[in-house]
Amino acid sequence: MSDTVKYLLDETRIPKFWYNIAADLPSPPPPVLHPGTMQPVGPADLAPLFPMALIEQEVSTEREIMIPGPVRDIYRQWRPSPLFRARRLEKALDTPARIYYKYEGVSPAGSHKPNTAVAQAFYNREAGIKRIATETGAGQWGSSLAFAGALFGIEVDVYMVRVSYDQKPYRRALMETYGARCVASPSTETHAGRAILEKNPRHPGSLGIAISEAVEIAASRDDTNYALGSVLNHVLLHQTVIGQEAIAQFDMANDYPDVIVGCTGGGSNFAGIAFPFLGAQLRGGKKVRFVAVEPAACPSLTRGKYAYDFGDTAHLTPLTKMHTLGSTFTPPGFHAGGLRYHGMAPLVSHIKELGLIEAVAYHQIQCFEAGVQFARAEGILPAPEANHAVRGAIDEALKCKREGVSRSILFNLCGHGHFDMQAYIDYFGGKLTDQTYDESELAMALAGLPSVKAA
Ligand SMILES: *Cc1c(COP(=O)(O)O)cnc(C)c1O
Numbered sequence: 217m218s219d220t221v222k223y224l225l226d227e228t229r230i231p232k233f234w235y236n237i238a239a240d241l242p243s244p245p246p247p248v249l250h251p252g253t254m255q256p257v258g259p260a261d262l263a264p265l266f267p268m269a270l271i272e273q274e275v276s277t278e279r280e281i282m283i284p285g286p287v288r289d290i291y292r293q294w295r296p297s298p299l300f301r302a303r304r305l306e307k308a309l310d311t312p313a314r315i316y317y318k319y320e321g322v323s324p325a326g327s328h329k330p331n332t333a334v335a336q337a338f339y340n341r342e343a344g345i346k347r348i349a350t351e352t353g354a355g356q357w358g359s360s361l362a363f364a365g366a367l368f369g370i371e372v373d374v375y376m377v378r379v380s381y382d383q384k385p386y387r388r389a390l391m392e393t394y395g396a397r398c399v400a401s402p403s404t405e406t407h408a409g410r411a412i413l414e415k416n417p418r419h420p421g422s423l424g425i426a427i428s429e430a431v432e433i434a435a436s437r438d439d440t441n442y443a444l445g446s447v448l449n450h451v452l453l454h455q456t457v458i459g460q461e462a463i464a465q466f467d468m469a470n471d472y473p474d475v476i477v478g479c480t481g482g483g484s485n486f487a488g489i490a491f492p493f494l495g496a497q498l499r500g501g502k503k504v505r506f507v508a509v510e511p512a513a514c515p516s517l518t519r520g521k522y523a524y525d526f527g528d529t530a531h532l533t534p535l536t537k538m539h540t541l542g543s544t545f546t547p548p549g550f551h552a553g554g555l556r557y558h559g560m561a562p563l564v565s566h567i568k569e570l571g572l573i574e575a576v577a578y579h580q581i582q583c584f585e586a587g588v589q590f591a592r593a594e595g596i597l598p599a600p601e602a603n604h605a606v607r608g609a610i611d612e613a614l615k616c617k618r619e620g621v622s623r624s625i626l627f628n629l630c631g632h633g634h635f636d637m638q639a640y641i642d643y644f645g646g647k648l649t650d651q652t653y654d655e656s657e658l659a660m661a662l663a664g665l666p667s668v669k670a671a
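Sequential numbering of the sequence shown, starting at 217, is according to our numbering.
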């Protein structure tokens, strides 16, 4: 077993630390700016929304950040998550590639998101917070935070993107079972929501709008904080348990990935599996190809602009430099609701600019084809978001076949699709279409980017 691994895991094989890639990057990402002053934000600017422990993690450059005991105790319920070799899929594809997947669907909420939800709920409870307001797209994040809130006795209010609220009633039921309150967004509960509904009473919603609603509620109440399920540095940090475990598991299998594939919405599951391997590479370890797979209908990394932008539609958040489609952009209502975000995690955007990762975009039908092929070979039914990673991994395996080489491919199967069966029903019924975004709306959203002078 390699030294890194021995150091980071104890006998339980659950990481003792989260891995912070900021310690190993050749250059730091650009600072987060206050939209009023255009100066870098300080801890005081973020204090109305987040507990100080998370703000410290957000700006930390320490390589290892200790995972608190109570959080590890909860991780124990499903961590370490299994790493599988997809031998039957390899056979079905007739590929010389070795395909591995790390399966995060074993968490209680069914995805990677509880890895950060549990940590965020813990730090909020330590800070005496009574309630957390948040947004959710497909409902994966909302149900993860609802689960974590139930464990730590924190009330959770979830603003759920309207199109998913209607498409996925069972996710809502799960959140309510855990004790959370779930509201369709845009809602009439906030200024941000009411302003959108005035212009379009049937607005399908977007993550950007739901974030505005949750931030508005959190900023206006002392006992209420805000939590985000992706994008921010501390969220990506918490997800690094995935990649650290994978390093140890590959060690046991006497292999090492040549290619790592993850789907990207806000970038957290991709970062979770990729960053520990990328960090090892940056410290002189083996070079790996990292492939981020995004939906062609919301292609921030492949079609967005690398620029300062707001994280939400009502412009309540600070400005971060990221690949963005513009904060007012509303992607079409395709089925991978967790990937419908206009921006990308600043850390993922930064490493893309540094040339350390690649990005590809796929339409949804080819992703469902891949997901169905995977389910028939491996038995696990992936979430629509995860189907993007499955497609990416299968395409890498088919490339190995064409080139007649055996490479080791690792992808993150970030969640199961048991609450997304309507999407599969639509796929089998031939009702799924490859939606494209409106080019003129994208142009308009990009034209509306805030102007930030080069620092
Ligand atoms: C939320 C979610 C995503 C997208 O978010 P990331 O931060 O990019 O990981 C992808 N897959 C699943 C299953 C999700 O729940």
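Every residue, glycine too, gets a C-beta built ideally from N, C-alpha and C.
Please read these numbers as outputs of a predicted model, since none were measured by experiment.
Residue i - DSSP class collapsed to helix/strand/coil
{"i": "residue 555", "result": "helix"}
{"i": "residue 373", "result": "strand"}
{"i": "residue 449", "result": "helix"}
{"i": "residue 665", "result": "coil"}
{"i": "residue 599", "result": "coil"}
{"i": "residue 404", "result": "coil"}
{"i": "residue 330", "result": "helix"}
{"i": "residue 632", "result": "strand"}
{"i": "residue 479", "result": "strand"}
{"i": "residue 514", "result": "coil"}
{"i": "residue 560", "result": "coil"}
{"i": "residue 282", "result": "strand"}
{"i": "residue 363", "result": "helix"}
{"i": "residue 241", "result": "coil"}
{"i": "residue 653", "result": "coil"}
{"i": "residue 525", "result": "strand"}
{"i": "residue 218", "result": "Note that residue 218 has pLDDT 49, beneath the 50 cutoff, so the model's placement of it is unreliable and the number below is only indicative. DSSP places residue 218 in coil when its eight states are reduced to three."}
Sequence-distant residues of its chain with Cβ nearer than 6 Å to residue i (five each side left out)
{"i": "residue 566", "result": "245"}
{"i": "residue 295", "result": "230"}
Inter-residue Cα distance where the pair is residue i and residue j
{"i": "residue 361", "j": "residue 374", "result": "9 Å"}
{"i": "residue 380", "j": "residue 430", "result": "17 Å"}
{"i": "residue 553", "j": "residue 652", "result": "15 Å"}
{"i": "residue 627", "j": "residue 414", "result": "43 Å"}
{"i": "residue 623", "j": "residue 457", "result": "24 Å"}
{"i": "residue 593", "j": "residue 531", "result": "45 Å"}
{"i": "residue 487", "j": "residue 279", "result": "15 Å"}
{"i": "residue 327", "j": "residue 346", "result": "25 Å"}
{"i": "residue 441", "j": "residue 311", "result": "49 Å"}
{"i": "residue 306", "j": "residue 317", "result": "12 Å"}
{"i": "residue 423", "j": "residue 240", "result": "31 Å"}
{"i": "residue 357", "j": "residue 638", "result": "19 Å"}
{"i": "residue 674", "j": "residue 353", "result": "An answer regarding residue 674 cannot be provided, because it is not within the stretch 217 to 671 covered by the chain."}
{"i": "residue 438", "j": "residue 264", "result": "7 Å"}
{"i": "residue 323", "j": "residue 293", "result": "8 Å"}
7 Å CB neighbourhood of residue i in its chain, flanking five on each side removed
{"i": "residue 386", "result": "635"}
{"i": "residue 410", "result": "404"}
{"i": "residue 284", "result": "338"}
{"i": "residue 497", "result": "503 and 504"}
{"i": "residue 433", "result": "349, 373, 406 and 440"}
Distance cut-off 7 Å: residue i Cβ against heavy atoms of ligand 2
{"i": "residue 356", "result": "For the structure depicted, ligand 2 is absent and the ligand set comprises only ligand 1."}
Of the listed residues the options, nearest to residue i (C-alpha basis)
{"i": "residue 301", "options": "466, 655, 390 and 647", "result": "466"}
{"i": "residue 630", "options": "330, 270 and 268", "result": "330"}
{"i": "residue 544", "options": "311, 252, 392 and 654", "result": "654"}
{"i": "residue 526", "options": "236, 275 and 248", "result": "248"}
{"i": "residue 495", "options": "479, 382, 242 and 419", "result": "242"}
{"i": "residue 383", "options": "452, 642 and 479", "result": "642"}
{"i": "residue 421", "options": "443, 304, 230 and 377", "result": "377"}
{"i": "residue 333", "options": "412, 230, 620 and 450", "result": "450"}
{"i": "residue 389", "options": "364, 648 and 359", "result": "359"}
{"i": "residue 534", "options": "459, 516 and 666", "result": "666"}
{"i": "residue 568", "options": "519, 364 and 432", "result": "519"}
{"i": "residue 516", "options": "501, 507, 506 and 538", "result": "538"}
{"i": "residue 608", "options": "583, 236 and 324", "result": "583"}
{"i": "residue 340", "options": "238, 443 and 303", "result": "443"}
{"i": "residue 508", "options": "555, 499 and 292", "result": "555"}
{"i": "residue 551", "options": "479, 319 and 600", "result": "600"}
Sequence-distant residues of the same chain with beta carbon closer than 8 Å to residue i, five excluded per side
{"i": "residue 401", "result": "351, 375, 376, 377, 378, 381, 409, 421, 425, 426 and 429"}
{"i": "residue 274", "result": "262, 266, 448, 449 and 450"}
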